[in-house]
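Novice: Numbered as in my numbering, the sequence shown ends at 230 without a single skipped number.
My structure is below; once you've seen it, I'll send some questions.
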Amino acid sequence: MAIMSVSRQLFHLQELDLEIESHEETLRQKTKLLGDKTVLEQAQGKLNAAQKHLDDLKHEQKSLDEEIEDISGKIKHAEDQLYGGKVGSPKELLNLQHEVNSLKQSRDPLETKDLEMMDKITAAEAGVVAGQAEYKKVETAWQTQQQQLAGEIDQLKSKLAGLNADRRSVLSGIDEQSIAVYDKLRKQKGGQAVAKVEQGICRACRISLSSSEMQQARGSNLKQCGNCGRILFLS
Ligand SMILES: [Zn+2]
-4 MAIMSVSRQL FHLQELDLEI ESHEETLRQK TKLLGDKTVL EQAQGKLNAA QKHLDDLKHE
56 QKSLDEEIED ISGKIKHAED QLYGGKVGSP KELLNLQHEV NSLKQSRDPL ETKDLEMMDK
116 ITAAEAGVVA GQAEYKKVET AWQTQQQQLA GEIDQLKSKL AGLNADRRSV LSGIDEQSIA
176 VYDKLRKQKG GQAVAKVEQG ICRACRISLS SSEMQQARGS NLKQCGNCGR ILFLS
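Next up, the structure:
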């Protein structure tokens, strides 16, 4: 059985490392979203605002009703005097009549306002109902998304466990010196330490390799690209 060349093993290691990195990044993003209640809080905020608007209107209506009731009481009192037969003086009766008229005049616009207030309250109540329905919708979607996320995170974790086991196994077959070169290059070259050679060209920096470089790359020792410094791998 042919022994796998070091460059092939390092290339395999690099493929594993790139896959592990990519999965770890996805895992980080999904973990960040897990338990993130921003959308729920936004929907709750809208619902709270709708509820507060309704409460404010009801409060305003209550004061208005009290004001109307107060004036109505005064009107009744004046009318009782007016029609009670106890007041005899025409001047006094005239004054009472003026008072009743004046009170009714001040009550009319308040009653109009009260009717408008009822319409506003009806609309505000509909707003609260819509807000509750929207919150329920957002909550259901959020719960589904969270369940999916939790499932995806579990899958990613077990996938990563498998990849890391593969990585340890590949690593155990490579000498320490080659691993040190690989690690150093990975840091320097943004993750790509090993470059494939195809048709005599380093695929990382696209330079043509000389025939002696090609020969060395075929050998059992590690050969780095004379241009970019990456470990050359002839597939
Ligand atoms: Zn190169």
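Cβ coordinates follow ideal geometry from the N, Cα and C atoms, glycine included.
Every value quoted in this text rests on a predicted model; they were computed, and no experiment measured them.
Does ALA190 come out as helix, strand or coil in the three-state DSSP assignment?
Specialist: strand
Novice: With ILE226 as the anchor, note down where its beta strand (DSSP E) starts and where it stops.
Specialist: 226 to 229
Novice: Are there three or more Cβ pairs, one per stretch, closer than 8 Å when the region 142 to 159 is compared with the region 6 to 21?
Specialist: yes
Novice: Is the CB-CB distance between LEU283 and TYR177 below 8 Å?
Specialist: Given that the chain is displayed from residue -4 to residue 230, the structure contains no residue 283 and the question cannot be resolved.
Novice: Run the proximity test for ILE226: is its beta-carbon closer than 7 Å to any non-hydrogen atom belonging to ligand 2?
Specialist: Ligands in the displayed structure: ligand 1; ligand 2 is not one of them.
Novice: For GLN211, which of helix, strand or coil comes out of DSSP?
Specialist: helix
Novice: Kindly indicate which residue of ALA44, GLN24, GLN100, GLN76 has the alpha-carbon position closest to the one of GLY122.
Specialist: ALA44
Novice: Within the present structure, is the beta-carbon of ALA188 separated from the nearest heavy atom of ligand 1 by less than 7 Å?
Specialist: no
Novice: Give me the Cα-Cα distance between CYS197 and ARG23, rounded to the nearest whole angstrom.
Specialist: For the pair CYS197 and ARG23, the Cα-to-Cα distance works out to about 33 Å.
Novice: What is the rounded straight-line gap between the Cα of GLN210 and the Cα of SER2?
Specialist: 14 Å
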